[in-house]
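Set out below in structure tokens:
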């Protein structure tokens, strides 16, 4: 295995590392623990830390659309099966088929790993995709709500092009008794902001392709502020502060030898969400996926409707597929 | 996704390609040589003989933290932590911080000479003690006390 050849994984310590004031610049361990997540990313209420997903069969079907380049195999009659399954689920309350993800499931259901990664990526990209601390992202449930909502929004805009009507349609649908938001409102305090962020992401990236007036970010921002009562994007003040901070700092200090000449040390990690995370012990985690071209393993997410929104529109992503199906 | 991958690679390039020592450190980190030529085909694990990293050149895009959409906040946090780091224990006093390195060297210089001075003082005191002892012995030799009356 590759890991046995990296310095970070050498188990034998050199004599110099035993001296009290000489420390190796790179940690001899490889970090692959997701439990040791940065404290800043930990939720205040650990009870919220679980994933919701549907029937495992549905997860596989859903993921095959979410990740077109992965090797999910679905037998014949894919569209009908998928559609009938969705229709059946719509008639039920989500609570009946919504599970907390357990560790053993992660081992047994490959799809759960993707969901975990997706969740972790969302945490990294919280600034863009969330309105605050994002703890729960039951992507399957929300995706189905959003997928069903989009054609209604589209129809609403086509009929009179009035944004107030669009707001009403959105509210009425998302808070209807069968939606995830209404069934999971009590247990998922972040469900509302998560759903808003999710829809907003789609509208930011794909919105103007199907709703013509939806052509500026400001309009989307205003809409979500009115419909959900909060801003899901970083405000101007934040971005101004961000620019101020970044202009003050010198990125040339981000040099491995310079970092290792001081109190901080590098450690290889295989957890993407820990890339460039500095823990309280002064260990700076650097992600490497053991590929020649770093990050190549993320090609799995090409064409993903959320993570590759700038992808080629001719690709049949989940989002476009449902527009075609006109669910 | 392209932007994410681009930023991920750029952070590696900034870390490991900007100086010879960083490059060597990077090669130790990856356990592979760092190559500036991309060899398509090698993918995972043992097929990988080198890691493709282009030498980082500072320009408007890569030298501005605000252009890092995904990793910008983390880079800022790291740089701030580097600036703000201060020793909290006696042991950490001997670790050079990132800010005010000159002060650290001055402090180490002063500490070194302080240590030499203290050791010198100790040796002087010991020397004085030995000298006093020798003087006492010499006096004792010059004025031998009568043993028999």
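Residue numbers (my numbering), protein chains in the order written: chain A, -4 to 322; chain B, 1155 to 1303.
Glycine residues also receive a C-beta, built at the ideal position from the N, C-alpha and C atoms.
Note that this is a predicted model, so its numbers are computed, not measured.
- Its chain contains 1158 and 1161 as the residues whose beta carbon lies nearer than 7 Å to that of residue 1224 of chain B, once the 5 sequence neighbours on both sides are disregarded; these appear in chain order.
- Selection A:151, A:246, A:162 and A:168 evaluated against residue 1222 of chain B yields A:246 as nearest (Cα-Cα).
- Three or more Cβ pairs drawn from the region 1171 to 1181 of chain B and the region 251 to 264 of chain A lie within less than 8 Å of each other, which places the two stretches in contact.
- Within the same chain, Cβ atoms closer than 7 Å to the Cβ of residue 1209 of chain B are found at 1171 and 1190, the five residues on either side in sequence being excluded.
- In the displayed model, residue 292 of chain A falls within a helix according to three-state DSSP.
- For residue 278 of chain A, the enclosing beta strand (DSSP E) covers residues 278 to 282.
- In the three-state reduction of the DSSP assignment, residue 1256 of chain B falls in the helix class.
- Within chain A, the residues whose beta carbon sits less than 7 Å from that of residue 1172 of chain B are 250, listed in sequence order.
- Straight-line measurement puts the Cα of residue 1232 of chain B at about 12 Å from the Cα of residue 281 of chain A.
- Near chain B, meaning a CB-to-CB distance below 9 Å, the residues of the region 284 to 296 of chain A are 284, 285, 286, 287, 288, 289, 290, 291, 292, 293, 294 and 296.
- By the neighbour-count definition (other C-beta atoms within 10 Å, threshold 16), residue 250 of chain A is a buried residue.
- Our two residues, residue 151 of chain A and residue 1234 of chain B, have alpha carbons roughly 48 Å apart in a direct line.
- For residue 255 of chain A, the nearest CB of chain B lies under 8 Å from its own CB, placing it at the interface with that chain.
- Contact note: residue 1239 of chain B reaches chain A through 257, 258, 259 and 277, using a C-beta cutoff of 9 Å and chain order.
- DSSP, read as helix, strand or coil, puts residue 1206 of chain B in strand.
- Within chain A, no C-beta atom comes nearer than 8 Å to that of residue 1188 of chain B; the closest sits roughly 11 Å away.
- Non-local beta-carbon contacts of residue 1258 of chain B in its own chain, meaning distances under 7 Å to residues more than five positions away in sequence, involve 1250 and 1251 in chain order.
- Bridge partners of residue 1235 of chain B according to DSSP: none are assigned.
- Counting only Cβ-Cβ distances below 8 Å, residue 1209 of chain B has no contacts in chain A at all, with the closest Cβ about 13 Å away.
- Residue state for residue 260 of chain A is assigned as strand, using DSSP reduced to three classes.
- By the Cβ neighbour-count rule, residue 1236 of chain B is buried, with 16 or more other Cβ atoms within 10 Å of its own.
- Sixteen is the threshold: when 16 or more other Cβ atoms of the shown chains lie within 10 Å of the Cβ of residue 1230 of chain B, as they do, the residue is buried.
- The criterion of a C-beta distance shorter than 8 Å is not satisfied by residue 1202 of chain B and residue 1188 of chain B.
- Excluding the 5 residues flanking it on each side, residue 1219 of chain B has same chain C-beta neighbours closer than 7 Å at 1226, 1229 and 1230, in chain order.
- Note on residue 1280 of chain B: under 16 other CB atoms within 10 angstroms of its CB, so exposed under the neighbour-count rule.
- Under the DSSP assignment, residue 1168 of chain B falls outside any beta strand (DSSP E), being part of the alpha helix (DSSP H) whose first and last residues are 1156 to 1170.
- When the Cα atoms are used, residue 287 of chain A and residue 1168 of chain B turn out to be separated by approximately 17 Å.
- For residue 1176 of chain B, the enclosing alpha helix (DSSP H) covers residues 1174 to 1184.
- Beta-bridge analysis with DSSP links residue 1189 of chain B to B:1206.
- In this structure, the beta-carbon distance from residue 284 of chain A to residue 277 of chain A does not fall below 8 Å.
- Chain A places no beta carbon closer than 8 Å to that of residue 1280 of chain B, leaving this residue out of the contacts.
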